[in-house]
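The opening position of the sequence shown corresponds to residue 1 in UniProt numbering, with each subsequent residue numbered one higher.
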Amino acid sequence: MVDSTGVSPTDKIKELDEDRPINPDDYTVEQLFLMVKVDRFKYLDDKIGDNLNKLSDRQTKAAKLQDLIAAINAKTVNGKVTVEKGSDLEKMLNEAKAEGIAISKTDGEFDSAERERVIENVRMKVSEYTTKTEMDFQTVNRATNERHQTIQMAHSSLKTLSDLKKTMARNAGGR
C-alpha cells in the first residue's frame with residue numbers, strides 16, 4: 001500500500017531511524033500510533049536486555065566468590081590457610097580484592113581470625129550480589145509485563161481505530 005506521496009507506510013516508519021525531524025502531518029494516525037509503540041518496545045527491550053546482562057554478570061561473580069570460599073575451606077588445616085604466591089587461590093583472592101572485598105593480604109599464612117574475616121567479607125559481597133540480582137530480576141519482570149500490556153493496548157487501540165474507520169465509511173456511503 002502506498003499513500004498519496006508514493007511512499008509506503010513501512011518506509012515512512014523506517015525514516016524514524018534516520019534521526020530526521022518528523023512532521024506529524026506526513027503520517028496517518030495509525031502510523032503515528034505504531035511509531036510510539038515501536039519506540040516503547042525498543043525502550044523496554046533495551047531495559048530488559050541491560051538488566052539481564054547485569055544479572056548474568058553478577059551471578060557469574062557470585063559463583064566465583066562461592067568457589068573462593070570452597071577453595072579456602074579446602075586449604076584450611078587446623079583453622080589456618082597458607083596461600084602460596086602464584087597459586088590459584090592467590091589469583092582468586094586478588095580477583096575478589098579487585099571486586100572491592102576487604103582482604104588484608106593475598107598470600108602467606110592466614111590465621112583462624114583472618115581466615116574467618118576473609119570468608120565473612122566474601123559472604124557479604126555474595127549477599128550484596130544476590131540482593132542486586134533479585135532487584136534486577138524484579139525490574140525484568142516488570143518490564144516484561146509492561147511490554148505485554150503495551151502489546152495488548154496496541155492491538156486493542158488499532159482494532160478500535162479500524163472499527164471507527166469502517167463505521168465512518170459505512171455512514172459516508174449511506175448518505
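Ideal Cβ placement from N, Cα and C applies to all residues, glycine included.
Taking just the CA atoms, how far does residue j sit from residue i?
| i | j | result |
| --- | --- | --- |
| residue 179 | Thr28 | A question about residue 179 goes unanswered here, because the residues of the chain that appear run from 1 up to 175. |
| Met35 | Asn171 | 29 angstroms |
| Arg115 | Glu128 | 20 angstroms |
| His159 | Gly173 | Residue identity check: residue 159 is Lys in the sequence provided, not His. Each residue's Cα considered, the two are about 21 angstroms apart. |
| Gln59 | Ala96 | 14 angstroms |
| Lys91 | Asp136 | 29 angstroms |
| Glu120 | Leu65 | 11 angstroms |
| Asp107 | Leu55 | 31 angstroms |
| Ile57 | Ala169 | Before going on, a small fix: residue 57 reads as Asp here, not Ile. Roughly 56 angstroms separates the two Cα atoms. |
| Asp39 | Lys166 | 28 angstroms |
| Ser112 | Ile69 | 14 angstroms |
| Lys37 | Asn53 | 24 angstroms |
| Phe110 | Lys85 | 13 angstroms |
| Asp67 | Ile22 | 54 angstroms |
| Glu99 | Val118 | 13 angstroms |
Counting only beta-carbon atoms, is residue i nearer than 8 angstroms to chain B?
| i | result |
| --- | --- |
| Met92 | The structure shown contains no chain B; it holds only a single protein chain. |
Taking the continuous beta strand (DSSP E) assigned at residue i, which residues delimit it?
| i | result |
| --- | --- |
| Lys80 | 80 to 83 |
| Gly108 | 108 to 110 |
Measure the Cβ-Cβ separation of residue i and residue j and say whether it is below 8 angstroms.
| i | j | result |
| --- | --- | --- |
| Val83 | Leu93 | yes |
| Glu30 | Leu161 | yes |
| Phe33 | Ser157 | yes |
| Ala71 | Leu89 | yes |
| Asn51 | Thr139 | yes |
Could you spell out the range, first to last residue, of the alpha helix (DSSP H) harbouring residue i?
| i | result |
| --- | --- |
| Glu99 | Note, Glu99: premise wrong, no alpha helix (DSSP H); not H, not E. |
| Ile69 | 29 to 75 |
Around the Cβ of residue i, are there at least 16 other Cβ atoms within 10 angstroms (buried) or fewer (exposed)?
| i | result |
| --- | --- |
| Asn78 | exposed |
| Ala74 | exposed |
| Val122 | buried |
Practice task
Give a yes or no on contact between the segment 131 to 149 and the segment 85 to 103, applying the rule of three or more CB pairs nearer than 8 angstroms.
Solution key: no
Practice task
Would you check if the segment 135 to 146 and the segment 38 to 48 touch, i.e. whether three or more CB-CB distances between them fall below 8 angstroms?
Solution key: yes
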